[in-house]
DNA sequence: CACCGTATCTTGTCGTTGACAAGATACGGT
DNA sequence: ACCGTATCTTGTCAACGACAAGATACGGTG
């Protein structure tokens, strides 16, 4: 269950990761402090550096974990195109710490091997799911898979705006439901007849 | 032209703002240092604090400036719905420092008066432009202006993904052109026939 | 022109942080 | 029992944000 078996602390790497995710959810990635993390875990201030090298290394691990989780989430989504988009939004809001780190490459090392693998995997799942479920075998003439990018853009944009608190009130509590009624407008001719 | 008339430095507040924007474009908001800003402007390390109070105050000023510029940009956009979206994306990529700060409210003070006014103004311009140009007088039954949110989401998502470097290669150099071919898929029935 | 109030900027300082170096500790294999 | 190594601690340094107190220069008033 744990990749680093019980040493002095037992499972410090995993403990630090979960503590970091929680801290980011509370105060954002910018406010994350390695020393505060060490205090929460009850270890010395330099202990995190051994597992992650530096701050960027910690964010790299979080991003990789996030891309892996996203791939799993999308794989388990429903068969409808709509369900895939809703799953994307639900992941973003439900794992906002991971999501925020994942799409801020200046926080981590984009050339990390484990990260690249996870990112590529989630990207492949997303593209495959969108392309397959859109029921369109060949992409249109306007650039590479413009409809896939349109679908990705709308769900990513909605999730980002939701997390930023930029959306107007009155959308309800559940971001998934709100997203569903918004994504429905993609590939829809004119009035909101459904 | 300048709100703080020539004192010791002359126009320190404006100088610091432009230097901050440039620094953020180079290394992101997280790496911004007030002391480094002071060094670039050739003043003492505590000079910025007088004009902005603290780091959050500086980001507040940048965000307000960004929302104002966005409102102006959208006001001057073309008559087509597509043009409005392209203008949004062009602003995001052309003013990435402002854009990134604007949609990270944990960086600044959301209750600042000047900021709230600018944010509301740009929001009103965006909503009015989208609602007017979509040629749909009454919103659909699915929530408050679902189509406006869909349009906002797709342009915001595309801009965010572009800035994060998450989009695949082959979209060309100009984000505006790429955005146009992607946004076109909104409100479009099935295949890419246009 | 002399004076004063005030905005602007400087100097000095404190606690915190990230990063690095060197040493101590505990585990696993032989 | 022993040794190599991964894990963690202690110590240190430069940089940073924030605050306090003082110096400087401007604008207005007499």
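Protein chains in written order, with the working numbering: chain A, 30 to 223; chain B, 30 to 223. Don't be surprised by glycine CBs; every beta carbon is placed ideally from N, CA and C.
Check: If we cut at 8 Å on Cβ distances, does residue 102 of chain B have a partner in chain A?; Outcome: no
Check: Can you tell me which residues form a DSSP beta bridge with residue 215 of chain B?; Outcome: A:215
Check: Does residue 154 of chain A get closer than 8 Å to chain B when you measure Cβ to Cβ?; Outcome: no
Check: Here's the rule I'm using: 16 or more other beta-carbon atoms within 10 Å means buried, otherwise exposed. How should residue 56 of chain A be labelled?; Outcome: exposed
Check: Would you decide whether residue 73 of chain B is buried or exposed? Buried here means 16 or more other CB atoms lie within 10 Å of its CB.; Outcome: exposed
Check: Leaving aside the five residues before and after residue 92 of chain A along the sequence, list all residues of the same chain whose C-beta is less than 7 Å from its C-beta, in chain order.; Outcome: 130, 131, 137, 144
Check: Taking residue 103 of chain A as the reference, give the member of A:84, A:80, A:152, A:78 with the closest Cα.; Outcome: A:152
Check: DSSP state of residue 117 of chain B, grouped into three classes?; Outcome: helix
Check: Is the beta carbon of residue 184 of chain A sitting closer than 8 Å to the one on residue 156 of chain A?; Outcome: no
Check: Have a look at B:109, B:126, B:90 and flag the residue whose alpha-carbon is nearest the alpha-carbon of residue 212 of chain B.; Outcome: B:109
Check: For chain A, is any of its Cβ atoms less than 8 Å away from the one on residue 161 of chain B?; Outcome: no
Check: Is DSSP giving residue 106 of chain A helix, strand or coil here?; Outcome: coil
Check: Give every residue of the same chain whose Cβ lies closer than 8 Å to the Cβ of residue 192 of chain A, excluding the five residues on either side of it in the sequence, and list them in chain order.; Outcome: 121, 122, 125, 128, 129
Check: So that I know if they touch, is there some Cβ in chain B lying closer than 8 Å to that of residue 96 of chain A?; Outcome: no
Check: Under 8 Å Cβ-Cβ, which residues of chain B neighbour residue 133 of chain A?; Outcome: 57, 193
Check: So residue 179 of chain B contacts chain A; which residues on that side make the cut at Cβ distance below 7 Å?; Outcome: 183, 211, 214, 215
Check: For the stretch 81 to 96 of chain A, which residues have a CB atom closer than 7 Å to at least one CB atom of chain B, in sequence order?; Outcome: none
Check: Starting from residue 72 of chain A, trace the alpha helix (DSSP H) in both directions and tell me its first and last residue.; Outcome: Segment: none, residue 72 of chain A is in no alpha helix (DSSP H) and carries neither H nor E.
Check: With 8 Å set as the bound, which would you pick, yes or no: does the beta-carbon of residue 120 of chain A sit closer than that to a beta-carbon of chain B?; Outcome: no
Check: Going along chain B, which residues have a C-beta under 8 Å from residue 110 of chain A?; Outcome: Per Cβ cutoff of 8 Å: no residues; residue 110 of chain A is ~12 Å from chain B at best.
Check: Within 10 Å of its beta-carbon, does residue 161 of chain A have 16 or more other beta-carbons around it, so buried, or fewer, so exposed?; Outcome: exposed
Check: Kindly give me the distance between the Cβ atoms of residue 113 of chain B and residue 159 of chain B, rounded to whole angstroms, as I take these residues to be in contact under 8 Å.; Outcome: 7 Å
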